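J.: These protein sequences, in sequence, are chains A, B and C. Quick note: the first sequence uses this note's numbering, first residue 1117, plus one each step. Quick note: the second sequence uses this note's numbering, first residue 3, plus one each step. Quick note: the third sequence uses this note's numbering, first residue 154, plus one each step. Ideal Cβ positions, reconstructed from N, Cα and C, are used throughout, including at glycine. Since the structure is predicted, the reported quantities are computational estimates derived from the model, not experimental observations. What follows is a structure written as structure tokens; I'll ask about it next.
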Amino acid sequence: MLTRSEVAKLAALARIELSDAELDEMAGQLDIILGAVAAVSAVATQDIPPTSHAVPLTNVMRDDVVNWQPRAAAMLAGAPDVEDDRFRVPHILEEEQ
Amino acid sequence: MSDITSLITATAAELGQRIAAREISSVEVVRAHLDQITATDEAVHAFLVVDTERALAQAAAVDARIAAGERLGPLAGVPIAVKDLLCYEGLPTTAGSRILEGWVPPYSSTVVRRLNDAGLVILGKTNLDEFAMGSSTETSGYGPTHNPWDLTRTPGGSGGGSAAAVSAYQAPLAIGTDTGGSIRQPAAVTGSVGAKPTYGMVSRYGIIAMASSLDQAGPVARTTLDAALLHQVIAGHDPLDSTSINAAVADVVGAARSGDVKGLRIGLVTEFGGEGYAPGVELRTREAVTALSAAGAEVVEVSCPHFVHALATYYLIMPAEVSSNLARYDGMRYGLRVGDDGDNAVETVMRLTRGKGFGTEAKRRIILGTYALSAGYYDAFYGSAQKMRTLIARDFTAAFEQCDVLVSPATPTTAFRLGERVADPMAMYKSDLCTIPANLAGVGAASFPCGLAPEDGLPVGFQVMSPALADDRLYLVGAALERELTAKWGGRLLDQAPLLPGTKVVR
Amino acid sequence: MPYDEVVARFEPVLGLEVHVELSTKSKMWCGCPTDFGGEPNSHVCPVCLGLPGSLPVVNRLAVESAIRIGLSLNCDIATWCRFARKNYFYPDMPKDYQVSQYDEPLCFDGNVAVEVGGLTYQVPIERVHMEEDAGKLTHVGGAGRISGADYSLIDYNRAGVPLMEIVTKTIHGTGAAAPEVASGYMAFLRDMVRALGVSHGRMERGNLRCDVNVSLTPRGSSELGTRSETKNVNSLRAVADAVRYEMMRQGAILAAGGRVKQETRHWNEGGYTTPGRSKEEAQDYRYFPEPDLVPVAPDPAWVDELRATLPEHPALRRARLAADWGFTEREFGDILAIEGALELIADTVAAGTTPAAARKWWLTELARRANEAGVALDELPITPAQVAEVQALLADGAVNDKLARQVIEGVLAGEGSPAEVVASRGLAVVSDTEALDAAVIAAIAADPEAAAKVRDGKVAAAGALIGAVMKNMRGQADAAKVRELILAKLG
């Protein structure tokens, strides 16, 4: 059972502002979804190896070679705020009371 | 038949041949399709952005190269629509989300580069569910796409825009991406062909990630051969994608041209039928199997017992990866930023940005995934789901010992009405019941049109699944089915679609 | 409470987490350069900026470097391991997750012996894993500190530079030597990564960053005390000081019957630690295997190949070089006192120079020039091979000592190799006997008085004539040869 306050905690962890209405709706829906997926853990027991990719590959690596063009302007072009060729962002710490 | 009708209803293969032979120019072909988009897209809303000038310039460049005697590939000069999940330098790429509104990528995806290199002309970007998360194109931040067969219905999703563009004759070809069925399910409900190659055969570089271990781009077309020709162009190893498979691409074009299924063992998945399946879907699926049998295939029934858990498995793995993949949309480096008033700290601005920029489905999946990965739940959720993935892959392995391909309906019902499943996530998720196993196991799969459901006159899709790396078998079966059924229908299925308001197609 | 009393009542338990920034040419996942000091956001691309759709590809040299570090720490090397995403939001991290390793590190279960005051202490190694660095935040307003800042600016040039994290198990039994064991271990790591050539190993530049965990256990008790974690301690001395400071601080709290708080602390230049920000909730990083990367599975042949490239253990190597070179303890100590000098001298010797000459060049002329330029010795734009070439020119008599210094000056000024500098500056000693003969005859003619004295057997008077010749030849003559010629003519 996923409570409303647990959903609020998850939303905070995921940095998503949710309205009260969204919280209410989502708690109910997530609960239904979680109920529907619960069977998986019952069937998939201890001694089965996990699969992450269909065709298992290993050791895919590149040589240590510099391959780059200076494109600072293009990289900064999509930024919401720029100052002195740096990404400008709000202050990090919440203000002290 | 008017000139424009012949240009926009022709197959990509025909267009490529005639452009190469200089019977028609790429510019006139592209112009005809741009006209059809202008005429019909107000009703369909398949496109989010049309790149008119660059498309015409690319077409003119192809014409010039051909005039200069260059021999280009079979699709040179042919127009194509690209799902707005693929980065294309210089053209806004939104992933269907308001959080990326106006973002113009400074680089192109490998698939886009391959299209350019093969001389295909990109018309624009097609609509999709937000970050490809949905089965109806209704979660798009830019409004839903309408099904050209019935404008009150959805074209499926997430790649509803690509499927609708192809079935509305706005483009002969389109690129889709398929994480749980986003190429095949829209293809099924719009009467088009859509294929999800084996995971790793098409580079994911530059394609905005939804669930990295499941995402795979593939072709959308009106015919099996066209889909195969496009598959050939986009598939192949890419050193920029670590999960890209370094193996030769199966001869998909040869298979599509042959369509010889004599002696091919076809396994009908017994789990996909019965309750929840529309009668017309079951009927046309059975007929398709009969047609293949008549063409010389051997038909067996195969049970894949873990397939019933595929949907639940998917809804653990996919949201987990989504929650991490979508973390970067935080308003710091690109895209939307909300609440930066000088007082709010960075955490608040991130929260407000994501709260405003993401739609409901994106939020739902991010929170679900955050839960599935959080301390104390990982083993029960994500860990178990990865084990279930193994069991599903084993089902495929066992099945492919009894048969060469597996077949099933592509989706349990025909196109549903806009709004019908919006408030009921589980009902929406069930649209992907049949398509998800192939994503979880990474095998190749495709949907081919197999008729109209008698009860509503809407298209039904027939799914074919092949072992990993044997994607040619999809086209072998698709071509056989297309040959048998078009003979029976006396034409293509799409010829039976109602004419869209304003369409340039004249019958 | 005095330090001795703290040690008498409590047993310190240490844990060290060290981040090593590798010196690969390109970043961990993309081809962007790792060079320090580019224009802001110039060394970035879609991958290290985490743009939508971009994907990482592992730098093979970074993996090999990690394996070589692991082998040097006597670790086992995993036969199969994965990368994992560590999920948390922070604006210096472009993807809002860090690609790292979680429960499957590349190297694990090693140990290092650290010598302090003639005693050997074992430092057990828990793991070595691979990850990526973040961008650099600059705070504007509030005196440039994070707290009170108006806003912040981000440069992502450093984002994606390969980092190795080396984590010890808890280190017991160090007693009063705990601070020196900690700094001795750091010194070992620094020397090791430099000898391996995998990192510049400069603590002051942040190439090596140390987090110091300290707790105290009352003697006779088996219960572990609560630990503090002091972040970003960035010099050998600071490592020792931070350990000592935390031992003293915690000892005082425990002796007064208090409880040590489990917390993150900051190291201050003034030599003390202060509490960091306390997080309300425990971090939940939601690790899961990175789906954009495939596992690393080093096969034994590859590991053996890498093992064969390992340099000698730094302590053994030092002992061997000291014996080979035959310097006094003090002379050798002078070499060790200058960072990088040992390697430079060793390389110069390897290029054919005698140890004494190599030591002389690096510790006098070159050390002086490095000092003047305000750079480290090994940052001077001259290679050991070039120094060896200059010394060879000197030994052959092609240049004299004064000219050799000018050759060095030319090389440092970027004028090319020693041979090129000699040619372009015209610094070669004149060995053309005819030209020398003419100069000698001219000098004798110009100073008959001196010449007469020499003829009379007053050899010392030849000095004036030699000086005149050298002046005439603009110093580009071998003085011994000139003297020989003069004596022959006046003999």
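#1: What does DSSP give as the partner residues of ILE209 of chain B in its beta bridges?
#2: Which residue marks the beginning of the beta strand (DSSP E) containing ALA233 of chain B, and which one marks its end?
#3: For PRO571 of chain C, count neighbouring Cβ atoms within 10 angstroms of its own Cβ and tell me buried if that reaches 16, exposed if not.
#4: What residues in the stretch 427 to 454 of chain B have a beta carbon less than 7 Å from any beta carbon of chain A?
#5: Measure the alpha-carbon distance for PRO228 of chain C versus ASP452 of chain C and round it to whole angstroms.
#6: So, does the stretch 297 to 312 of chain B touch the stretch 399 to 409 of chain B, judging by three or more C-beta pairs under 8 Å?
#7: By the criterion of Cβ-Cβ separation under 7 Å, what are the contact partners of GLU192 of chain C in chain A?
#8: Strictly under 7 Å for the Cβ-Cβ distance: is VAL645 of chain C near chain B by that measure?
#9: One question on the structure: do ALA417 of chain B and VAL191 of chain B come within less than 7 Å of each other, judged by their Cβ atoms?
#10: Work out the CA separation of ARG473 of chain C and ALA511 of chain C for me, nearest whole Å.
#11: Between TYR384 of chain B and the rest of its own chain, which residues show a CB-CB distance below 8 Å, the 5 nearest in sequence each way excluded?
#12: Measure the C-alpha to C-alpha separation of ASP646 of chain C and LEU638 of chain C and round it to an integer number of angstroms.
#13: Looking at chain C, is there any beta carbon in it that lies within less than 7 Å of the beta carbon of GLU484 of chain B?
#14: Between the Cα of VAL159 of chain C and the Cα atoms of C:LEU342, C:PRO448, C:ALA468, C:MET400, which residue gives the shortest distance?
#15: Just the C-alpha distance for ARG202 of chain B and GLY463 of chain B, rounded to the nearest angstrom, thanks.
#16: Report all residues from its chain with a CB closer than 6 Å to the CB of GLY168 of chain C; omit the five preceding and five following residues, and keep chain order.
#17: Could you please give the first and the last residue of the uninterrupted alpha helix (DSSP H) stretch that includes SER142 of chain B?
#18: In chain order, what residues of the same chain lie with their CB nearer than 7 Å to the CB of ASP345 of chain B, ignoring the 5 residues before and after it?
#19: Comparing C-alpha positions only, which one of C:GLY295, C:ARG418, C:ALA409 sits nearest to VAL386 of chain C?
#20: Return the chain-ordered list of same chain residues with a C-beta closer than 7 Å to the C-beta of SER295 of chain B, the five sequence neighbours on each side being excluded.
#21: If you compare alpha carbons, which of C:PHE189, C:LEU306, C:GLY270, C:ILE278 is closest to TYR243 of chain C?
#22: Among residues of its own chain, excluding the 5 on either side of ARG100 of chain B, which ones have a beta-carbon nearer than 7 Å to its beta-carbon?
#23: Can you pull the chain C residues whose beta carbon is under 7 Å from the beta carbon of GLU323 of chain B, in chain order?
#24: So which residues of chain C does ASP1180 of chain A contact, with C-beta pairs closer than 7 Å?
#25: Name the residues in the stretch 1125 to 1136 of chain A whose C-beta lies less than 9 Å from a C-beta of chain C; which are they?
#26: For TYR250 of chain C, return the contacting residues in chain B, with the cut-off set at a CB-CB distance below 7 Å.
#27: Can you check whether the CB of GLY341 of chain B is closer than 7 Å to the CB of VAL348 of chain B?
#28: If you reduce the DSSP assignment to three classes, tell me which class GLN1213 of chain A lands in.
#29: If we define contact as Cβ-Cβ less than 7 Å, is GLY161 of chain B a contact residue for chain D?
#30: So the alpha helix (DSSP H) TRP455 of chain C belongs to, where does it begin and stop?
#31: Just how far apart, CA to CA, sit VAL52 of chain B and VAL216 of chain C?
#32: Check distances from the C-beta atoms of the stretch 99 to 112 of chain B to those of chain C and list, in chain order, the residues that come in under 8 Å.
#33: Can you find the residues in the same chain that come closer than 6 Å, C-beta to C-beta, to PRO451 of chain B, ignoring five residues on each side of it along the sequence?
#34: Can you confirm whether LEU290 of chain C, when its beta carbon is compared against all beta carbons of chain B, has any partner nearer than 7 Å?
#35: Between A:ARG1120, A:LEU1129, A:ALA1124, A:SER1121, which lies nearest to ALA377 of chain B when the distance is taken from Cα to Cα?
#36: Are the beta-carbon atoms belonging to ALA510 of chain B and VAL1171 of chain A less than 7 Å from one another?
T.: In short, the structure shows the following:
#1: Bridge partners of ILE209 of chain B: B:LEU88.
#2: First, the amino acid is wrong: residue 233 of chain B is His here, not Ala. Under the DSSP assignment, HIS233 of chain B falls outside any beta strand (DSSP E), being part of the alpha helix (DSSP H) whose first and last residues are 226 to 236.
#3: Buried.
#4: PRO427, MET428, ALA443, GLY444, VAL445
#5: For the sequence presented, residue 228 of chain C should be read as Cys rather than Pro. Approximately 15 Å, taken between the alpha carbons.
#6: yes
#7: ALA1188, ASP1201
#8: Residue 645 of chain C is absent from the model: chain C starts at 154 and stops at 644.
#9: yes
#10: Computed Cα separation, rounded: 17 Å.
#11: LEU318, ILE319, ALA322, ALA374, LEU375
#12: Within the shown structure, residues of chain C are numbered from 154 to 644, placing residue 646 of chain C beyond reach of any answer.
#13: Closer than 7 Å: no.
#14: C:MET400
#15: The displayed chain sequence assigns Gly, not Arg, to residue 202 of chain B. Going by the C-alpha atoms only, they are around 24 Å apart.
#16: Counting only Cβ-Cβ distances below 6 Å, and skipping sequence neighbours, we find THR321, THR323, ASN366.
#17: Looking at the DSSP string, SER142 of chain B is not in any alpha helix (DSSP H), and its letter there is neither H nor E.
#18: none
#19: Looking at the Cα atoms, C:ARG418 is the closest of the given residues.
#20: Within the same chain, and ignoring the five residues on either side of SER295 of chain B in sequence, the residues whose Cβ sits closer than 7 Å to its Cβ are VAL301.
#21: C:LEU306
#22: Sequence-distant Cβ neighbours of ARG100 of chain B in its own chain, meaning closer than 7 Å and more than five residues away, are GLY143, LEU338, GLY359.
#23: Neighbours of GLU323 of chain B in chain C, taken as residues at a C-beta separation under 7 Å, are given in chain order as PRO444.
#24: Near ASP1180 of chain A (Cβ distances below 7 Å), the residues of chain C are THR177, LYS178, SER179, ASN212, ARG213, LEU214.
#25: LYS1125, ALA1128, LEU1129, ALA1130, ARG1131
#26: SER326, ALA329, listed in chain order.
#27: At a Cβ-Cβ threshold of 7 Å, VAL348 of chain B and GLY341 of chain B do not count as neighbours.
#28: Since pLDDT at GLN1213 of chain A reaches only 37, below the 50 mark, its modelled position is unreliable, and the value read off the structure follows with that caveat. Coil, per DSSP.
#29: Chain labels in this structure do not include chain D; the protein chains are A, B and C.
#30: Following the DSSP letters along the chain, one finds TRP455 of chain C inside the alpha helix (DSSP H) bounded by residues 453 to 460.
#31: Between VAL52 of chain B and VAL216 of chain C, the alpha-carbon positions lie close to 44 Å from each other.
#32: For the stretch 99 to 112 of chain B, which is checked against every Cβ of chain C, the residues closer than 8 Å are LEU102, TRP105, PRO107, PRO108, TYR109, SER111.
#33: GLY193, PRO461, LEU495
#34: no
#35: A:LEU1129
#36: Nothing about residue 510 of chain B can be reported from this structure: the residues present for chain B run from 3 to 509 only.
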